[in-house]
Structures are given as C-alpha cells and as structure tokens.
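Trainee:
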Amino acid sequence: MKALCWEGKQKISVKNVRDPKILRPDDVIIKITTAAICGSDLHLYNGYVPTMQKGDIMGHENMGEIVEVGPAVKKLKVGDKIVVSFDIGCGSCHHCEEQEYSACDNSNPNRYMADALYGHGGAGLFGFSHLNGGYAGGQAEFLRVPYAETNSVVVPKGIADEKVLFLSDIFPTGWMAAENCNIRRGDTVAIWGAGPVGQMAIRSAFLLGAERVISIDHYENRLALSKAAGAETINFDQTEDGILDELNYLTGGVGPDSCLDAVGLEAHGHSVTAMLDRTKAAVGLATDRPDVLRQAIQSCRKTGTISIPGVYAAFLDKVPFGAAFAKGLKFNMGQTHTQKYMKPLLQVILDGKIDPSVIISHRIDIDQGPTAYQNFHSEKEEWRKVVIKMH
Amino acid sequence: MAKSEQQLKMADAQRESTAQRSYEAYFQDDGKQRPFSETINRPIAEVSAMLSEINNFPIFLENLEKIESAGVTSIWKFKNRIGEGSFDLPMNSSFSENEFKFEAKDEGGFPFSLRINLVPAQANRGTIVRMRCEYDTTAGRLAGMVEKLLGKDAMTLTKLTAQRFKALCETGSVPTIQGQSSGREEDQSNDSKH
Ligand SMILES: NC(=O)c1ccc[n+]([C@@H]2O[C@H](COP(=O)([O-])OP(=O)(O)OC[C@H]3O[C@@H](n4cnc5c(N)ncnc54)[C@H](O)[C@@H]3O)[C@@H](O)[C@H]2O)c1
Ligand SMILES: [Zn+2]
Ligand SMILES: [Zn+2]
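If you read the protein sequences in the order shown, they are chains A and B. Numbered according to my numbering, the first sequence spans residues 831 to 1221. Numbered according to my numbering, the second sequence spans residues -6 to 187.
Shown next, in the form of structure tokens:
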C-alpha cells in the first residue's frame, strides 16, 4: 500500500509499504477512506518531537471501512465505517474506566520510556513518535486499529466523510478545550490560534454558553472564519506587544474569564520574548516556544482559567508563574480524551449544530502529500486544513 | 580528621536501622534494592492466579521464549540477543502467600532472579505489584553478560516486565507494534491483500 512516511526534518515521502495485519485479538484493519493532516503533524515535520524514526507512517486523523476484524472483536464488523480516535485507549485500565483515555496505562508499549521523561507516560498515539508507542499512522491506504472497540465510533451510512472525520481529533480537542475553560453563561473566552483547533474551540465555547469569544491570530483568512462563527478578532501582527492592552480594552479592564492556547510550542510573534524563544530553540537551549502561554497568563482575569490544548513537549522558559499564582489562575490541559466525546459530538454534527467541515481548505490525493506538508507549514494563510482522499 | 570510635559506631547503627527499614519495606528475605511497582486494576486473587500459571510468563517477560517443566525447578529458555538461538536457565521457584521468587540455580552460570509480591491497592483500585529482576549485584562481569544476552539492564527489564504484566492482567494481552508496516521495509509488490 502507499503511505506517507517521515524521513527526517521537513521530509515526508510517499512509499510503498506492506499492508497492515491483525497483531492482537482486538485489532481491526480499516481501508482508509479519508485522512487529514493535523497541526500536530507539523511539530513532527519540523523535528520538534523526539524519537521519530525514518520510515514511520504519519497520520492520526483517520476514518475508513473495516475490512478485517480480530477474533476478540464483537461490536464491530466488516463493512462498518468508523472514525478512529487519535489517542489509543485499552478500555480496561483505571484511566480508561474514568474516560481519561489519553492517560491510558496499557496502550503504549514504550510507556517505561515515557515514564522517564514525564514521571508517568500516557497513552499510545497513532503516528506520533516511539515515545508515544510508535504506532503506524493512517496517512496510508490501510490502518491497523488496536483495541478497536474502544477507539472508534461507527458513523451512519450516507453521511459525508468530511462532516465526521474530525471526530478523530480536532473537534473533540476544541470541545474539551472549551469545556476545560469552565465557561459560565455570559463569559468571555480569548482563544489564541485560529487554526482548526481554535476554530472548533470557538464554536464549542459558544455552544457551552460563552457570550463573547475573542480569536487571536495573524492570518486574515483564518480570522475571517472566526468572525463567521461570531467571534471578535485580533490580528497580533497589528498589535505587536499589545495583546494584553487590547484584551484589557475589550474586556473593560477585567481580562477574559478564560484564555485558551490553541497554538502550542511553535508560537510565532514579534515580541522580544518570542524572538528570544526562537533563538534559544534554534541553538537547543530551550525546546518549546511558549509565547502564547505567557500572554494567556498575563491577560487572564484574576481567578480565571487557562485551557491548553496546544501541544508542549518539554521545557518552557520564562513562564510568568508568579502572575499565575498572584491571580489564582486555574490550569487545565493535555491530550484530548477523544473517545469520551466521539459519540456525543457525532450527535452535535447530526443535529446540525456544528459543521466541522467548514475548516477544510484543500483536498488532495496521497501522492500530493509531501507538497501538502510543505505548504501547510509555510503557506498557512491559504492552507488551513488538508484532507487526503484515499479510497 | 579521623572519625572517633563512637562516631563510627553511630554510623554503623544508622546503616543498620536503615537496612532494617528497607528489609521490612521490600521483600521478606532481602531488602537490598527498591523494587518497581505498578497498580493493576484487578483483584489480588486474579493477579495471583495469573502469576501461578507459569506458562503466562513468556507473554510478559521479554525474550523469554518458553518454560519447560513447571514445579519447583524449571528450565527457562531465553532468546539470545547477542548470538543465535536461545539459552537455558535452570530456575528454582518458591511461593508464599502473595510472594513469588524465581532464582537461577548456580549451575546455570547466570545470576538471574525475579521477585514479585502483591498487596491490595488503596481505594479499591486493585492490586499493587512490586517486582524486581536482578542479574546479581556482586559478580559485576557476569551481570554485564546477562545484560547483553537479554538486551536490557535489570531495572529497565523490571519496568517493562511489570508494565507488560499489568497489561496482560487488565486487557488479556500485551500492547505491541511488532510486525506492523513501516517505510523501513518497502514493499515493491504493489498488490494489496485486502
Ligand atoms: N491537545 C490535543 O489533544 C491536541 C489535538 C490536536 C491538536 N493539538 C494542538 O493544537 C494546536 C493547534 O492545532 P491546529 O491544527 O489548529 O494548528 P495550526 O498550526 O493549523 O494552527 C495554529 C495557529 O496558531 C497561530 N499562531 C501562531 N502563533 C500565534 C500567536 N503568537 N498568537 C496567536 N496565534 C498564533 C497560527 O498562525 C495558526 O493559525 C497545535 O499545537 C496542535 O499540536 C492538540
Ligand atoms: Zn492532531
Ligand atoms: Zn487504558
């Protein structure tokens, strides 16, 4: 089969690899119908995530038709169309029982390595480095789905792939991030990043009761989509270091009730700290560039909530923890417990309350994958969300 | 300045009491080194039953291919990571309530041991398993040899073994990516089996 493989920093290629096979009794194999490239894939593309190996198959936003089931699979059958969560839960450990799937104890065969880095390592992830289990991803013609009954939702026949594909990651991610904001009716939520995750978070925040959402980015194209969902917008290129002042002005000096960082470790910006971050990351003195997190902490109202779906990998420099302490902020963060949200959010889509497909900007076939990665990385104004049509 | 007789005595007493504490905290018959522990989301009787079935060991103990003739003495066949084929280790086993000990017999020439004990976890969260693999602590050269044969140091093997054992108890098998597709082995055949 054809697959998009990681071959090194900023190098993705299409390769012919073996078809996947059932390796455990609760696996299924799907024929990928549609897959997507995620903002998180860019962290791999740009070499920010350690323990990638040449030849690893990319992709964690996947859906397709079941073509083979393992002997222990009871609730799924050949022919079912499923959307697959990006994180892999075993379904039986303490965390899975608590619906904290991204903290699963058992799905990562290399958890002992991740323990060394994080104290306690989390779930295996599709196509996301060997520290996260080394599972092959789904930017390919076929995919093996382990613990398949836990990690999928069957979608009704007849609904377009594009409407439901993002149940695999960014819709639950935006939703959980908004939930993590502790929104009370009438609240104001500021959201950094108007990419796919930011867009899903904006829409979810409104559904969860926010009265105002302020969307921050520097791509007018993306900010236009935020406006279309009812958000106010700030183009940070036009405010330079003035985000804090702008947010204070917009919120009558109080600050947003919650601040949501949908950017993560590759924040852009012209502030002095942002430039320092870039220099340090370039020479290996720091791993992450947390300028958005700094701004979120500074601008959040006293006793407000910081929600962080944006990915951070290791060490952060000059985070104003004193401000967080002084203001009594609350923090919620982490990889999404996707499986918890797939079913309820499928209903939200079927009810027509949110249509995640609005974020798609490009539809490609797998051979265009390498160029798409390049463009998604460097032409963000135009390249908002890429879906790969497979079968 | 040289330590006084009394200072030395005090230091000895201190060491002894520390040893005593770990003696109590760790395994019954030796408290040399802290074991690794994991909590298994299953009742202690079930976890204990899993350990009593020696044929389960090759599922969670990496490189262990099979165990022949169970009972007090058995032969553990390990995959040889530096050469071809496997090597045999005659092992003694002993069990007491919720404590399991497997130790290579001297004639095997490899100082390998595996100790496990089980205690109920707090808050009804199942069972705490405490585990330690050792490749001997005195014969340094031999320990290094076992490390090469098994491909991992003893602490790393202990962690991996405990986590795989937990996965086996909780999910019925261990997680794996062995045998999955990757771009490291290209397939030129171009025909799909599905
Ligand atoms: N927590 C999870 O489980 C999870 C799941 C999916 C994605 N993510 C993460 O969420 C983040 C966003 O994902 P995406 O797909 O939307 O990515 P994306 O790269 O398409 O979008 C990020 C957006 O942030 C904007 N941005 C950069 N610097 C900024 C700044 N200083 N201020 C405001 N905006 C800024 C960029 O212009 C871009 O539009 C990534 O870090 C991704 O890894 C996390
Ligand atoms: Zn993602
Ligand atoms: Zn689990």
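Cβ atoms here follow ideal geometry from the backbone N, Cα and C, with glycine treated the same way. Since we're looking at a predicted model, the values are computed, not measured.
Which of helix, strand or coil does DSSP assign to MET882(A)?
Mentor: coil
Trainee: At least one CB of chain B closer than 8 Å to the CB of HIS924(A): is that the case?
Mentor: Interface residue, yes.
Trainee: My output table needs one value for LEU1038(A): the three-state DSSP class, helix, strand or coil.
Mentor: coil
Trainee: Listing by chain order, which chain A residues have their CB less than 7 Å from the CB of GLN26(B)?
Mentor: Contact note: GLN26(B) does not reach chain A at a C-beta cutoff of 7 Å; the least C-beta distance is about 17 Å.
Trainee: What three-state label does DSSP hand MET893(A) in the structure shown?
Mentor: In the displayed model, MET893(A) falls within a strand according to three-state DSSP.
Trainee: For SER15(B), which three-state DSSP category applies?
Mentor: Because SER15(B) carries a pLDDT of 40, less than 50, the predicted location of this residue cannot be relied on, and the following value inherits that uncertainty. In the structure shown, SER15(B) sits in a helix (DSSP, three-state: H, G or I).
Trainee: Cβ atoms of VAL1019(A) and ALA990(A): under 8 Å apart, would you say?
Mentor: No, the pair does not count as a contact, with Cβ atoms beyond the cut-off.
Trainee: Show which residues of chain E have a CB atom less than 9 Å away from the CB atom of CYS920(A).
Mentor: Of the protein chains in the structure, A and B, none is chain E.
Trainee: For a test of the three-state rule: what should DSSP assign to ILE75(B), helix, strand or coil?
Mentor: When DSSP states are grouped into helix, strand and coil, ILE75(B) belongs to the coil group.
Trainee: With a 10 Å radius around its C-beta and 16 neighbouring C-beta atoms as the bar for buried, classify VAL903(A) as buried or exposed.
Mentor: buried
Trainee: Excluding the five sequence neighbours on either side, which residues of its own chain have a C-beta within less than 8 Å of the C-beta of LEU1095(A), listed in chain order?
Mentor: HIS873, TYR878, THR1117, ASP1118, ARG1119, PRO1120, GLY1140, VAL1141, TYR1142 and ALA1143
Trainee: Run through DSSP, which three-state label would ASN1209(A) get?
Mentor: Checking the sequence shown, residue 1209(A) turns out to be Glu, not Asn. Three-state result, GLU1209(A): coil.
Trainee: Using a Cβ-Cβ cut-off of 8 Å, state whether ALA966(A) counts as contacting chain B.
Mentor: yes
Trainee: Closer than 7 Å: is that where the CB of SER922(A) sits relative to any heavy atom of ligand 3?
Mentor: It does: the Cβ of SER922(A) is within 7 Å (strictly closer) of some heavy atom of ligand 3.
Trainee: Determine which residues of the stretch 139 to 152 of chain B have a Cβ less than 8 Å from any Cβ of chain A, and write them out in chain order.
Mentor: THR149 and LYS152
Trainee: Tell me whether LYS1157(A) sits in a helix, a strand or coil according to DSSP, three-state version.
Mentor: helix
Trainee: Name, in chain order, the residues that DSSP records as bridge partners for ALA38(B).
Mentor: Per DSSP, none; premise fails for ALA38(B).
Trainee: Spatial neighbours of ASP146(B) within its chain, please: CB distance less than 6 Å, with the 5 preceding and 5 following residues excluded, ordered by chain position.
Mentor: Excluding five sequence positions before and after ASP146(B), the CB atoms of its chain that fall closer than 6 Å to its own CB belong to GLU140, given in chain order.
Trainee: Please return the same chain residues whose Cβ sits closer than 7 Å to the Cβ of ALA1061(A), not counting the five positions on each side in sequence.
Mentor: The beta carbon of ALA1061(A) sits closer than 7 Å to the beta carbons of ILE1032, VAL1043, ILE1044 and SER1045 from its chain, once the five residues preceding and following it are set aside; these are given in chain order.
Trainee: Pull up the distance between the alpha-carbon of SER1129(A) and that of ILE1138(A), whole angstroms please.
Mentor: 15 Å
Trainee: Got a sec, what are the start and stop residues for the beta strand (DSSP E) CYS868(A) sits in?
Mentor: CYS868(A) -> no beta strand (DSSP E), and no H or E assigned at all.
Trainee: Give the single residue among THR1003(A), LEU973(A) and GLY951(A) whose Cα lies nearest to the Cα of VAL1027(A).
Mentor: THR1003(A)
Trainee: Taking all protein chains shown into account, do 16 or more other C-beta atoms lie within 10 angstroms of the C-beta of ILE75(B), making it buried, or fewer, making it exposed?
Mentor: A residue is called buried when at least 16 other Cβ atoms come within 10 angstroms of its Cβ; ILE75(B) does not meet this threshold and is exposed.
Trainee: Does at least one heavy atom of ligand 3 sit under 7 Å from the Cβ of SER937(A)?
Mentor: yes
Trainee: Helix, strand or coil for SER1145(A)? Go by DSSP, reduced to three states.
Mentor: As written in the sequence, residue 1145(A) is Phe, which differs from the Ser given in the question. DSSP places PHE1145(A) in the coil class of the three-state scheme, outside both helix and strand.
Trainee: For chain B, is any of its Cβ atoms less than 8 Å away from the one on PRO887(A)?
Mentor: Position check: residue 887(A) holds Ile in this sequence, whereas Pro was assumed. Taking Cβ atoms only, chain B reaches closer than 8 Å to ILE887(A), which makes this a yes.
Trainee: Can you give the beta carbon distance from ASP917(A) to LEU961(A), rounded, assuming they're within the 8 Å contact cut?
Mentor: That belief does not hold up - the Cβ atoms of ASP917(A) and LEU961(A) are roughly 14 Å apart, past 8 Å.
Trainee: Just the chain B side, please: which residues come within less than 7 Å of ARG941(A) by C-beta, in chain order?
Mentor: GLN156
Trainee: Hey, quick one: how far does the beta strand (DSSP E) through CYS1089(A) stretch, first residue to last?
Mentor: Where CYS1089(A) is concerned, the enclosing beta strand (DSSP E) stretches over 1088 to 1091.
Trainee: Please say whether ASN49(B) and LEU150(B) have beta carbons closer to each other than 8 Å?
Mentor: No; because the gap between Cβ atoms is not below 8 Å, this pair is not in contact.
Trainee: Please report the straight-line C-alpha distance between ASN91(B) and ILE47(B), rounded to a whole angstrom.
Mentor: 15 Å
Trainee: What does the alpha-carbon distance come out to for the pair VAL1217(A) and PRO901(A)?
Mentor: 32 Å
Trainee: Do LYS1148(A) and THR1133(A) count as a contact pair if the criterion is CB distance below 8 Å?
Mentor: Contact flag unset, no.
Trainee: For the stretch 1166 to 1200 of chain A, which segments carrying the alpha helix (DSSP H) assignment without a break, of at least 4 residues, lie completely within its bounds, in sequence order?
Mentor: 1168 to 1180
Trainee: Using a Cβ-Cβ cut-off of 6 Å (strictly less than) and excluding sequence neighbours within five positions of ASP886(A), which residues of its own chain qualify?
Mentor: Taken in chain order, the residues that qualify are TRP836.
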